[in-house]
Amino acid sequence: MTIRLPGPGGALRTYEPRTEPLAVTPGTPFTSRTVFSAAHVVADPFADVSPDSPAAVDWDATLAFRRHLWSHGLGVAEAMDTAQRGMGLDWAGAAELIRRSAAEAKSVGGRIACGVGTDQIASGSLAEVRAAYEEQLALVEESGAQAILMASRALAAAASGPEDYLEVYGHLLRQSAEPVVLHWLGPMFDPALEGYWGSSDLDAATDTFLEVIAAHPDKVDGIKVSLLDARREIDIRRRLPKGVRCYTGDDFNYPELIAGDEQGFSHALLGIFDPLGPLAAQAVRVLDTGNVRGFRELLDPTVGLSRHLFRTPTRFYKTGVVFLAWLAGHQSHFTMVGGLQSARSLPHFATAYELADGLGLFPDPKLAEERMKTLLSMYGVNQ
64 MTIRLPGPGG
74 ALRTYEPRTE
84 PLAVTPGTPF
94 TSRTVFSAAH
104 VVADPFADVS
114 PDSPAAVDWD
124 ATLAFRRHLW
134 SHGLGVAEAM
144 DTAQRGMGLD
154 WAGAAELIRR
164 SAAEAKSVGG
174 RIACGVGTDQ
184 IASGSLAEVR
194 AAYEEQLALV
204 EESGAQAILM
214 ASRALAAAAS
224 GPEDYLEVYG
234 HLLRQSAEPV
244 VLHWLGPMFD
254 PALEGYWGSS
264 DLDAATDTFL
274 EVIAAHPDKV
284 DGIKVSLLDA
294 RREIDIRRRL
304 PKGVRCYTGD
314 DFNYPELIAG
324 DEQGFSHALL
334 GIFDPLGPLA
344 AQAVRVLDTG
354 NVRGFRELLD
364 PTVGLSRHLF
374 RTPTRFYKTG
384 VVFLAWLAGH
394 QSHFTMVGGL
404 QSARSLPHFA
414 TAYELADGLG
424 LFPDPKLAEE
434 RMKTLLSMYG
444 VNQ
């Protein structure tokens, strides 16, 4: 088994894939950390749609992937950035995804939390932003899922300063039925979120974020920080009110943040745990035994792949996630809603394949090799 892969300059190199995958099996529920994987959606490849059409989703394959994650003990963070929310999946599609996934979670006993945003409006007044959030919060709560209050492009555009964020989030937290997760998504994931919490100064923004939490600690289960800045996450984590959890969203530094230090640790809500699900679950079970070194030995080698998938422009990491799901046999095609399969280059795919194969992520290495060769041939690379 050999395959010729292209490098950035176009030169081909020979790579010898693994013959056996990493041995991982489902196990007992986690005891030391709460871990969510933000999950991707599977497009319907036979739908006659264009990139700007409403998303055509293959519901059977999409739900099957969630069952895969639940089988390994992971929670599913639904209708989040990884599901192409706002990048191919509109609110109507997200609402259907939430309903279906929440019902599936209930039927199999899986844990689920769902994204609440304002993407049914492109822009609007603060009152319209609040109403959009309220509509989505009501749907998620009616579904029986936990709510994740996501950052809002419309709020970022409408807010004139920190006081507007305090008012909108305070209003939502007062009326939420159960404690929610607050999500701070950085502009590297969505440029429209620059200056969130009322300032481009991250220290000032952090203070406002923490002020929201301090005013309603009984309504905040935890926070998800997606700034790709480990030191800032640790600082925020240490300043949280007692009982409020930190879920790392740092796809560059997650092993050290989950492992923690003498003053605490982060739980996890990560897009990279979509392709890493079984391996990540195994690592957390090792951590449950108190074996931090064993946990790091399993998870540290995955950081190279994660940093590659989430490289600038970071918002296109979903393309690599779905690409790996196809190679791993979780779906029969490499098609994405919004046509986003075209968002990364062939050398990027080649490196992602090599790194993932080196980790043993493909249950059937031969299938992954054959599919990679199919993709290469479409780009004119003959083996």
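64 is the number of the first residue of the sequence shown in the numbering used here; add one for each residue after it.
We put the beta carbon where it would ideally sit given N, CA and C, even for glycine.
Item                                                                                                                                                                                : Value
Name the DSSP beta bridge partners of D324, please?                                                                                                                                 : G327
G219 to A406, Cα distance in whole Å?                                                                                                                                               : It should be pointed out that residue 219 corresponds to Ala in this sequence rather than to Gly. Roughly 25 angstroms separates the two Cα atoms.
For L332, which residues does DSSP report across the bridge?                                                                                                                        : F99
Enumerate, from N- to C-terminal direction, the unbroken alpha helix (DSSP H) stretches of 4 or more residues contained entirely within the segment 183–264.                        : 189–206, 216–221, 225–238
Determine the DSSP secondary structure at A277, reduced to helix, strand or coil.                                                                                                   : helix
Here's the rule I'm using: 16 or more other beta-carbon atoms within 10 Å means buried, otherwise exposed. How should A185 be labelled?                                             : exposed
Shortest alpha-carbon distance to F397 belongs to which of L332, V192, L438?                                                                                                        : L438
Output the distance between the C-alpha atoms of P280 and P304, rounded to the nearest integer angstrom.                                                                            : 7 angstroms
Given that a residue counts as buried once 16 or more other Cβ atoms are within 10 Å of its Cβ, and exposed if not, what is R76?                                                    : exposed
When the Cα atoms are used, what is the spatial distance from F315 to S369?                                                                                                         : 7 angstroms
Give me, in chain order, the residues of the same chain whose beta-carbon lies closer than 7 angstroms to that of T82; leave out the 5 immediate sequence neighbours on both sides. : M64, P428
Look up S134 in the DSSP assignment and say whether it is helix, strand or coil.                                                                                                    : helix
Which residue spans inside the segment 346–377 form an unbroken alpha helix (DSSP H) run of at least 4?                                                                             : 355–362, 366–372
Specify the secondary structure class of V444 as computed by DSSP and reduced to three states.                                                                                      : coil
From P114 to L189, what distance separates their C-alpha atoms?                                                                                                                     : 30 angstroms
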